[in-house]
Amino acid sequence: MDYITACDTDIGISKKINQDSVCVKTANTATGKAALVLVCDGMGGLSRGELASAEVVRSFAEWFDTELPFELPDWDWKTAARNVISRLRRLNAILMDYGAHNGIQLGTTATGLIAVNNGFMTFHVGDSRIYRISDKLSQITDDHTFVNRAVKMGKMTPEEALTDPRRNALVQCIGVTGEVAPEVRLGTFENNTNFMICSDGFRHVLTEKELFEELSPEKTPDRSAMKSQLRRLIETVKSRNENDNITVALFRAEL
Numbered sequence: 001m002d003y004i005t006a007c008d009t010d011i012g013i014s015k016k017i018n019q020d021s022v023c024v025k026t027a028n029t030a031t032g033k034a035a036l037v038l039v040c041d042g043m044g045g046l047s048r049g050e051l052a053s054a055e056v057v058r059s060f061a062e063w064f065d066t067e068l069p070f071e072l073p074d075w076d077w078k079t080a081a082r083n084v085i086s087r088l089r090r091l092n093a094i095l096m097d098y099g100a101h102n103g104i105q106l107g108t109t110a111t112g113l114i115a116v117n118n119g120f121m122t123f124h125v126g127d128s129r130i131y132r133i134s135d136k137l138s139q140i141t142d143d144h145t146f147v148n149r150a151v152k153m154g155k156m157t158p159e160e161a162l163t164d165p166r167r168n169a170l171v172q173c174i175g176v177t178g179e180v181a182p183e184v185r186l187g188t189f190e191n192n193t194n195f196m197i198c199s200d201g202f203r204h205v206l207t208e209k210e211l212f213e214e215l216s217p218e219k220t221p222d223r224s225a226m227k228s229q230l231r232r233l234i235e236t237v238k239s240r241n242e243n244d245n246i247t248v249a250l251f252r253a254e255l
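Numbered according to the UniProt record's numbering, the sequence shown spans residues 1 to 255.
Given below as structure tokens:
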């Protein structure tokens, strides 16, 4: 089997700093293949959002490089899930403590995928998203937003949520909320299936039809095609006057 990955990020048309961070790592080990794909969207309304997103990426990248090789021989997905949840909660506490000591508030989303051989885990806090793209497009993360919670409680319709002024308000993110409850899911890979991870700045002005058609496995047969399609869509997003930072990663396991 093989892993094919690509990512791209852009400051966009109006921000002075790119507060998004992205990490894509793959490794061939004695016990098989492994990968980490992670997108973090630093909170645009908070000071030092870029520091928060970079710290989460740094922590997971360091784990992948230095700890994962020793964990792989006895790899267990349930243990791995508990460890990811613990890491995200520690990062939340670290960033909250840093903010309190420096008189600032800094936060970030954290949405990623860990792959080991033919299995994977997704983990998620915030409103960055993971989509599965095969013969259809499916969102496999749940937005941790005020409006999404209101829709689930029957207090708001999906149509109202689209235009509600609170649609970008998060109910949890790393570094701001006292407690975080990361969403973690386990699965096994299927042939001809892409996983797309993106910040909200990438998806706001693109339709689900565009995401499905432009990022399908057929349109992205190799890493070069992946990178080309991601850059083309980022330029489309910018041409439609999206004012946020724009970050996206694409991953596929070829069985």
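Glycine residues also receive a C-beta, built at the ideal position from the N, C-alpha and C atoms. This structure is a prediction, so every number in the text was calculated from the model and none was measured.
Cut-off 6 Å between Cβ atoms - residues of its own chain near residue i, not counting five sequence neighbours on either side
i: Thr31; result: Leu72, Pro73
i: Arg252; result: Ile4, Asn194
i: Arg185; result: Thr122
i: Asp10; result: Ile234, Ile246
Three-state class that DSSP yields for residue i in the structure shown
i: Val24; result: strand
i: Val39; result: strand
i: Arg240; result: coil
i: Gly178; result: coil
i: Asn192; result: coil
i: Gly201; result: helix
Cα-Cα separation between residue i and residue j, rounded to whole angstroms
i: Asn102; j: Val39; result: 25 Å
i: Glu213; j: Thr163; result: 26 Å
i: Gly187; j: Val37; result: 15 Å
i: Met196; j: Leu250; result: 5 Å
i: Ile133; j: Leu215; result: 7 Å
i: Gly126; j: Thr236; result: 24 Å
i: Cys198; j: Thr79; result: 26 Å
i: Val56; j: Asp200; result: 18 Å
i: Ala35; j: Arg87; result: 17 Å
i: Pro217; j: Asp65; result: 28 Å
i: Pro165; j: Lys155; result: 15 Å
i: residue 256; j: Glu254; result: One cannot answer for residue 256 here, as it falls past the ends of the chain, which runs 1 to 255.
i: Arg167; j: Cys173; result: 15 Å
Nearest-angstrom Cβ-Cβ length linking residue i and residue j, presumed shorter than 8 Å
i: Ser21; j: Ser59; result: Between Ser59 and Ser21 the Cβ distance is about 11 Å, and since that is not below 8 Å, they are no contact.
i: Lys238; j: Ile13; result: 5 Å
Status (buried if at least 16 other CB within 10 Å, exposed otherwise) for residue i
i: Asn192; result: exposed
i: Phe70; result: exposed
i: Ala6; result: buried
i: Ala115; result: buried
i: Pro182; result: buried
8 Å CB neighbourhood of residue i in its chain, flanking five on each side removed
i: Lys219; result: Glu213, Ala225, Gln229
Same chain only: Cβ atoms within 7 Å of residue i, ignoring 5 sequence neighbours per side
i: Gly99; result: Gln105, Leu106, Gly175
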